[in-house]
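Asks:
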Amino acid sequence: MDNERQQVEITGLVQGVGFRPFVYRLANECKLDGWVANHSGGVRIEVEGDPQIIAKFLRRLAQEKPSHSQIFSIHTKLMPMQGDGGFEIRESTANSQKSTLILPDLAPCDHCLAELADPGNRRHNYPFINCTLCGPRFSIIDTLPYDRANTTMSEFALCEECRKEYTTPSDRRFHAEPNACPQCGPELQLTSREGNTLAVNNEALDSALAAISKGQVVALKGVGGFQLLVDAADGQALEQLRKRKHRPHKPFALLYSSLEAVRRDCQISKLESVLLVSRERPIVLLEAKAEARHRVHSLVAPDSPELGVMLPASPLHQLLTQKYGAPLVATSGNLAEEPICIENNEALERLGKIADCFLIHNRQILRPLDDSVLRVIENRPLMLRRARGFAPLPLVRPQITQENTENNRTYLALGADLKNTVALSRSGWIYSSQHIGDLGNATSVERFDQAIEELTSFQQCEPQTLIHDLHPGYTSHRWAQKKSAAKLGVQHHTAHFFSCMAEHNYVGSALGICWDGTGYDSSGVVRGGEFLHWNGASTVKRIASLRTFPLPGGEKAVREPRRAAAGLLFEISGFVALQHDLLKRCFSRSERRNLVTMLKGEINSPQCSSAGRLFDAVAALLGLSSHISYEGQAAMAIEHSARGIQSPDAYPFDLQRRGNQWQLDWAPSVSALIYDEERSLPQRAAVFHNTLAQMILSVAIEVGESQVFLSGGVFQNKRLTETVAKLLRQNNFTVHCHSLVPPNDGGIALGQVYYAHCMAAAGQPLGG
Ligand SMILES: [Zn+2]
Ligand SMILES: [Zn+2]
100 MDNERQQVEI TGLVQGVGFR PFVYRLANEC KLDGWVANHS GGVRIEVEGD PQIIAKFLRR
160 LAQEKPSHSQ IFSIHTKLMP MQGDGGFEIR ESTANSQKST LILPDLAPCD HCLAELADPG
220 NRRHNYPFIN CTLCGPRFSI IDTLPYDRAN TTMSEFALCE ECRKEYTTPS DRRFHAEPNA
280 CPQCGPELQL TSREGNTLAV NNEALDSALA AISKGQVVAL KGVGGFQLLV DAADGQALEQ
340 LRKRKHRPHK PFALLYSSLE AVRRDCQISK LESVLLVSRE RPIVLLEAKA EARHRVHSLV
400 APDSPELGVM LPASPLHQLL TQKYGAPLVA TSGNLAEEPI CIENNEALER LGKIADCFLI
460 HNRQILRPLD DSVLRVIENR PLMLRRARGF APLPLVRPQI TQENTENNRT YLALGADLKN
520 TVALSRSGWI YSSQHIGDLG NATSVERFDQ AIEELTSFQQ CEPQTLIHDL HPGYTSHRWA
580 QKKSAAKLGV QHHTAHFFSC MAEHNYVGSA LGICWDGTGY DSSGVVRGGE FLHWNGASTV
640 KRIASLRTFP LPGGEKAVRE PRRAAAGLLF EISGFVALQH DLLKRCFSRS ERRNLVTMLK
700 GEINSPQCSS AGRLFDAVAA LLGLSSHISY EGQAAMAIEH SARGIQSPDA YPFDLQRRGN
760 QWQLDWAPSV SALIYDEERS LPQRAAVFHN TLAQMILSVA IEVGESQVFL SGGVFQNKRL
820 TETVAKLLRQ NNFTVHCHSL VPPNDGGIAL GQVYYAHCMA AAGQPLGG
């Protein structure tokens, strides 16, 4: 057969992942002539040779591509023969556009780990080793294109050896932008609280470990920000850390050196182990084994049968855990709800009262990236917090924007005020920012501004429409109001519903079950137990909701489940309820008098339909928690309490038609649960979960919509989600849950954008 020449256009995540050297090696192996270069949005290859060999080359290209690359499309076309006489990597010209896809920060690859451990290697024990397959990316990029000059590595001039690696196409560090070695790269330093240098390089690392073993708190400059480290077995150190950090109960994450070490302390499924060792290196929630107590103090995760575990996300973490030889607590370097620190001086200032010393380095972090958190539900990963390792990869490319290029308006969605993320749609893709956090303090709002600024400048676009939550008190809402761009308000639960549809690339009629803590709508009811229906064409309708009950104390009730319990009982039986033993147990006499005043006068006692508050109330009634210090604590207590219990039973409930909506009445269930003397507490907790699943099924049957989407923070509950999904599937519903996108408010921004696209596709007016 005659030789031919083909041009191969590849789009996807193919820049900054060692794709060109890979193509170079493959083409040489196949003895094909031609060249490869970076090109707008991807890579372009021209190959010349035997057509059968070219076909084999293309097959292997897709099969053997570098581990972190993603190919979205490959287009080939025949070209006139050129007779190159060899294969080369061509430099991308200055004005040839580079990809706008930025890679996340990646944990060290096996090659780099082997070099790190090799005493004969010049990077032996060097905490900043990296290559084209691994190392920092998003945390150090200033502007696009992704070149060393545009990263915080620009201030480190490459030494001769590093430069040679960087410029040799066959080298595995060819164009590894953060390439570094002990001669030319970043350095470690240990400082006191006052910022005085105590030690440098390997000595700094050893001294930091010695401090930890003496019970001190060490602030570590990690990949996407500061972390606080203590010995996981040291109760005194943990107590001190909790006190200084103002974090009494919320579990701390643990850092282990290897999968084998994790396996000693936790049950790990196949999927969980895949997630743990994945290059994203998230925190994975795992069930603790009884043996864990030898290495992990109960103060790490008080009252929880689970541990949040991660493996080293960087060579620095690898060295620390390996040398320490026991699990370390690695929690975010911040005070309570503030964002994590990223700069050395900022850390000394903000963490000066928390940490005893600081293990820092001179490579700058440009934006905070918290550790991502996942748990496995329904044998699929479920994202709880999406940040380091995942951001800023685009989330989804909706079918509707691919099919209809008219539907390519640039939307900027501002998310919710809690667990804030922002999202941007451009050229059919939806990009989401990393987890920013709660917009309740000035530092978070700065990070919010920064994330918006970066998302738009990386994507080089000016948003045409701003999308915000309807809550008039939200910082994000007020931010939008100050701008002159067109605006669109999207109701909170509608955004939850559409975030789940977006993830499944679904357009069409569907039932959305959106259960969470709080979502605003104009009725003044604090919503959160909502059933929404979309017919795929017109507006979204609420078709059912949980029965409402008052929340005496309003916002205060969020931290005090006992208040939700009082409201719940008051809704069932009026003022008599306040004499109930269950409430006497958790309120003083004068507090109960106050409750009466509030409930009677309807003062600061908003009505709520929130499933999150219903969980709180039941937790208080079961005596599990009357006060909490972090969101979801009470619901988690019920979930954990039901662990290991198998029961098909459910408590009774009512489903009533009220006007054009259904109302799910939990009152019979709550009464049955309170007076259930036959069952133990864990059994009652399990039956409560079953009851909620039966409630959901009853609505789904009334609605008769086959496609069901579950969203909202309540579906972070593994037991509930799995029970609901199983029951619905047994009844022939198709159930869709979250996976890549958090079911909590971290997914709101995505839902807001997707809603806008769906409404535009359906020809619905978007408002102004
Ligand atoms: Zn590597
Ligand atoms: Zn060097």
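Each residue of the sequence shown is one higher than the one before, counting from 100 in the numbering used here.
From the three backbone atoms N, C-alpha and C, an ideal C-beta is built for every residue, glycine too.
Remember, it's a predicted structure, so these values are computed and weren't measured experimentally.
(1) Please report the distance separating the alpha-carbon of L388 from that of P404.
(2) Using 8 Å as the cut-off, can you tell me whether the region 276 to 291 makes contact with the region 246 to 258, which would need three or more C-beta pairs spanning the two stretches below that distance?
(3) Please name the residue, chosen from G141, Q181 and V840, that lies closest to T520 on a Cα-to-Cα basis.
(4) I'd like the span of the alpha helix (DSSP H) that includes V786, first residue to last.
(5) Could you give the first and the last residue of the continuous alpha helix (DSSP H) run that contains M735?
(6) Whole angstroms is fine: what's the gap from D204's alpha carbon to F489's?
(7) Which residues count as close to ligand 2 when the rule is a CB under 7 Å from any of its heavy atoms, in chain order?
(8) Between the beta-carbon of S413 and the beta-carbon of V322, is there less than 8 Å?
(9) P582 lies in the alpha helix (DSSP H); which residues open and close that run?
(10) Is H223 close to ligand 1? I mean its beta-carbon at under 7 Å from any heavy atom of the ligand.
(11) Can you give me the start and stop residues for the alpha helix (DSSP H) that K476 sits inside?
(12) Considering only their Cβ atoms, is the gap separating G294 from L353 smaller than 8 Å?
(13) Can you find a CB in chain C that lies within less than 8 Å of the CB of N816?
(14) Helix, strand or coil for Q762? Go by DSSP, reduced to three states.
(15) My understanding is that G616 touches R712, with C-beta atoms under 8 Å, so please give their C-beta distance in whole angstroms.
(16) Between the region 751 to 766 and the region 845 to 857, can you find at least three pairs of beta-carbon atoms closer than 8 Å?
(17) Any heavy atom of ligand 1 closer than 7 Å to the beta-carbon of H167?
(18) Tell me whether H210, by its Cβ, gets closer than 7 Å to a heavy atom of ligand 1.
(19) In whole angstroms, what is the alpha-carbon distance linking A193 and S166?
(20) My understanding is that L434 touches K342, with C-beta atoms under 8 Å, so please give their C-beta distance in whole angstroms.
(21) Rounded to a whole number of angstroms, what is the C-alpha to C-alpha distance between A307 and N220?
(22) Taking all protein chains shown into account, do 16 or more other C-beta atoms lie within 10 angstroms of the C-beta of M180, making it buried, or fewer, making it exposed?
(23) According to DSSP, which residues form a beta bridge with G407?
(24) Within a Cβ cutoff of 8 Å, which residues of the same chain sit near E371, ignoring the five residues on either side of it in sequence?
(25) With distances taken Cα to Cα, identify the nearest neighbour of I144 among I153, P150, W134 and Q151.
(26) Measuring only the C-alpha atoms, how far is S397 from L780?
(27) Taking P411 and Q417 to be in contact with their CB atoms under 8 Å, please state how far apart those CB atoms are, rounded to whole angstroms.
(28) Apart from the five residues just before and just after Q335, which ones in its own chain have a Cβ nearer than 8 Å to its Cβ?
(29) Quick check: the region 786 to 803 against the region 732 to 752, are at least 3 beta-carbon pairs closer than 8 Å?
(30) Could you check the C-alpha separation between A855 and Q815 for me, to the nearest Å?
(31) Compute the distance between the beta-carbons of R661 and F630, then report whether it is under 8 Å.
Replies: For this structure:
(1) According to the sequence shown, residue 388 is Lys rather than Leu. If you draw a straight line from the Cα of K388 to the Cα of P404, it is about 8 Å long.
(2) yes
(3) V840
(4) L780 to V802
(5) Looking at the DSSP string, the run of the alpha helix (DSSP H) that includes M735 is Q732 to S740.
(6) If you take the alpha carbons of D204 and F489, they lie about 8 Å apart.
(7) L257, C258, E260, C261, A279, C280, Q282, C283 and G284
(8) yes
(9) A small correction: the amino acid at residue 582 is Lys; Pro does not occupy that position in the sequence shown. Element bounds for K582: n/a, residue is neither H nor E.
(10) no
(11) Sequence check: residue 476 is Ile here, not Lys. Per DSSP, I476 belongs to no alpha helix (DSSP H); it is in the beta strand (DSSP E), V472 to I476.
(12) no
(13) Annotation note: the requested chain C is absent from the structure, which comprises a single protein chain.
(14) Of the three classes helix, strand and coil, the one that applies to Q762 here is strand, per DSSP.
(15) About 7 Å separates the beta carbon of G616 from that of R712, a gap short enough to meet the 8 Å contact definition.
(16) no
(17) H167: no, Cβ never under 7 Å from ligand 1.
(18) yes
(19) In this prediction, A193 has a pLDDT of 48, which is less than 50 and means its spatial position is unreliable; what the coordinates show is noted afterwards. Between A193 and S166, the C-alpha separation is close to 28 Å.
(20) No, L434 and K342 are not in contact; Cβ-Cβ is about 12 Å, not under 8 Å.
(21) Near 24 Å, if we compare the C-alpha coordinates of N220 and A307.
(22) exposed
(23) A352 and L384
(24) V383, L385 and V475
(25) For the residues I153, P150, W134 and Q151, the minimum Cα distance to I144 belongs to W134.
(26) 22 Å
(27) 4 Å
(28) G314
(29) yes
(30) 26 Å
(31) no
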